[in-house]
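Written out below as structure tokens is the structure these notes cover.
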Amino acid sequence: MRNVYFDHDGNVDDLVSLLLLLQMPDVNLLGVGVIDADGYVEPASSASRKIIDRFGHEGRKPTAVARSNSRAVHQFPKEWRLSAFSFDDFPILNEHGAPKTPLADQPAHLDMITKIKASAQPVTLVMTGPLTDLARALAVDPTIVDNIDRLFWMGGAMNNQGNVAEPEQDGTMEWNAYWDAEAVKAVWESPLNITVVSLDSTDQVPLTPELRARWATQRRYPAIDLIGQGYSLVHSFEANSTYYLWDVLTTLVSRYPELVDSKPIKSDVIAEGPAAGRTFISETGRDVTFVTNVHADAFFDQIDALAKLAD
Numbered sequence: 128m129r130n131v132y133f134d135h136d137g138n139v140d141d142l143v144s145l146l147l148l149l150q151m152p153d154v155n156l157l158g159v160g161v162i163d164a165d166g167y168v169e170p171a172s173s174a175s176r177k178i179i180d181r182f183g184h185e186g187r188k189p190t191a192v193a194r195s196n197s198r199a200v201h202q203f204p205k206e207w208r209l210s211a212f213s214f215d216d217f218p219i220l221n222e223h224g225a226p227k228t229p230l231a232d233q234p235a236h237l238d239m240i241t242k243i244k245a246s247a248q249p250v251t252l253v254m255t256g257p258l259t260d261l262a263r264a265l266a267v268d269p270t271i272v273d274n275i276d277r278l279f280w281m282g283g284a285m286n287n288q289g290n291v292a293e294p295e296q297d298g299t300m301e302w303n304a305y306w307d308a309e310a311v312k313a314v315w316e317s318p319l320n321i322t323v324v325s326l327d328s329t330d331q332v333p334l335t336p337e338l339r340a341r342w343a344t345q346r347r348y349p350a351i352d353l354i355g356q357g358y359s360l361v362h363s364f365e366a367n368s369t370y371y372l373w374d375v376l377t378t379l380v381s382r383y384p385e386l387v388d389s390k391p392i393k394s395d396v397i398a399e400g401p402a403a404g405r406t407f408i409s410e411t412g413r414d415v416t417f418v419t420n421v422h423a424d425a426f427f428d429q430i431d432a433l434a435k436l437a438d
């Protein structure tokens with residue numbers, strides 16, 4: 128059984144990732160932290176608690192959800208963040224009333240420390256939002272690295288083709304890194320083993336009409352129905368703006384590395400200025416494992432197979 132701590136930022140892809148983590152037969156989900164980034168923290172925390180109630184399995188689901196009190200350096204656009212409210216309102220998550228899974232007593236970065244230090248075996252960290260809670264946890268207690276097996280992070284772009292279009296920045300960075308670039312730098316300076324699932328690979332798994340139709344034909348499975356409903360909330364109407372399964376890819380790679388091709392690289396991050404948040408390959412950088420290619424058919428099949436385990 129693998130002990131996993133999941134820290135996410137509350138958009139559709141994050142919540143689907145939580146749903147799928149709960150279905151992995153050999154994963155014990157020690158804890159869940161929610162940060163106020165790509166989704167609003169209140170509805171995202173509420174939806175997380177309801178997903179655990181409805182789709183969690185006794186003996187390997189978290190006992191609480193921890194809200195983060197971390198704040199953005201650069202906040203995501205409001206329009207992107209609103210999906211958390213609608214997801215939290217889905218009837219399938221509300222038919223049994225208020226959530227039973229409680230909120231944790233501690234904020235997410237302290238909950239992370241508590242859960243990691245209490246684990247009898249090294250913990251896998253899966254983070255699909257900014258790295259701020261981990262950076263804060265490391266600042267409070269750097270010894271947690273001794274009980275962390277590996278960090279899987281959705282973030283960065285090694286080819287300088289980012290997805291941020293904001294004033295006074297140069298467009299080379301990815302949003303999770305841009306939200307708090309100093310936190311990325313702090314984590315990069317730690318001795319953690321890191322696997323990076325960046326825009327370079329997540330751009331290989333777009334949300335397409337065919338994928339929506341695939342889930343629609345399987346809506347007899349409650350978890351697949353929820354996945355389809357969730358992704359119905361996200362549409363990209365801007366030019367060259369496509370929704371990808373960024374976080375789900377990262378989550379599945381943490382358990383099924385055979386779904387992708389990876390290679391070791393040395394990388395670094397810029398923490399300030401118009402390139403704040405840019406991750407890049409550097410001969411003088413730190414070692415990370417970098418996901419380069421996705422076996423897309425196997426990836427989508429694995430999503431469906433896990434979702435069907437929810438019943």
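Using the working numbering, the letters of the sequence shown correspond one by one to residues 128 to 438. Heads up, the beta-carbon is just placed ideally off N, CA and C, and yes, glycines get one too. Quick caveat: nothing in here was measured; it's all calculated off a predicted structure.
Item, Value
"Segment limits, alpha helix (DSSP H) that includes R129", "Unbroken run through R129 is the beta strand (DSSP E), 129 to 135; no alpha helix (DSSP H)."
"Any beta strand (DSSP E) of 3 or more consecutive residues that is wholly inside the segment 317 to 387", "321 to 324"
"Exposed unless 16 or more other CB atoms sit within 10 angstroms - verdict on G106", "Missing from the structure shown is residue 106; the chain here goes from 128 to 438 and no further."
"Simplified DSSP assignment, three categories, for N287", "coil"
"Cβ-based burial, K188 [other Cβ within 10 Å; buried from 16]", "buried"
"Nearest-angstrom beta carbon gap, V418 and T322 [assumed within contact, 8 angstroms]", "7 angstroms"
"Pair within 8 angstroms by beta-carbon distance, Y371 and D330", "yes"
"Span separating the alpha-carbon of V168 from that of N138", "10 angstroms"
"Burial state of M281 (16 or more Cβ within 10 Å)", "buried"
"Distance, S173 Cα to A423 Cα", "31 angstroms"
"Beta-carbon proximity list for I275, same chain, < 7 angstroms, skipping 5 on both sides", "I243, P249, V250, L252, L319"
"Straight-line Cα distance separating I162 from A199", "10 angstroms"
"Inter-residue spacing [alpha-carbon to alpha-carbon] between G183 and P401", "43 angstroms"
"Rounded straight-line distance, which links the Cα of E316 to that of I351", "39 angstroms"
"Range covered by the beta strand (DSSP E) that runs through T416", "413 to 421"
"Pair within 8 angstroms by beta-carbon distance, S144 and F279", "no"
"Continuous beta strand (DSSP E) stretch holding D276: start and end", "275 to 281"
"Extent of the continuous alpha helix (DSSP H) to which F452 belongs", "Since the first residue of the chain shown is 128 and the last is 438, residue 452 is not available in this structure."
"Burial state of A247, where buried means 16 or more other Cβ atoms lie within 10 Å", "exposed"
"Same chain, Cβ closer than 8 angstroms to E410, neighbours up to 5 away in sequence not counted", "K393"
"Residue(s) in a DSSP beta bridge with L156", "V131"
"N420 classed as buried or exposed, judged by whether at least 16 other C-beta atoms fall within 10 angstroms", "exposed"
"Length of the line joining the Cα atoms of A191 and A304", "27 angstroms"
"Through-space distance from L237 to F133, alpha-carbon basis", "14 angstroms"
"Uninterrupted beta strand (DSSP E) stretches inside the segment 160 to 241 (no shorter than 3 residues)", "192 to 194"
"C-alpha distance - A366 paired with A292, whole-angstrom precision", "Summary for A366: the model assigns pLDDT 39, below 50, so the residue's position carries little reliability; its value from the coordinates is reported in the next sentence. Cα-Cα distance, rounded: 12 angstroms."
"Cβ neighbour criterion (16 or more within 10 Å) applied to Q150", "buried"
"Whole-angstrom distance between V314 and L230, CA atom to CA atom", "26 angstroms"
"Closer than 8 angstroms to chain C by CB, D136", "Absent here is chain C; the protein component of the structure consists of one chain."
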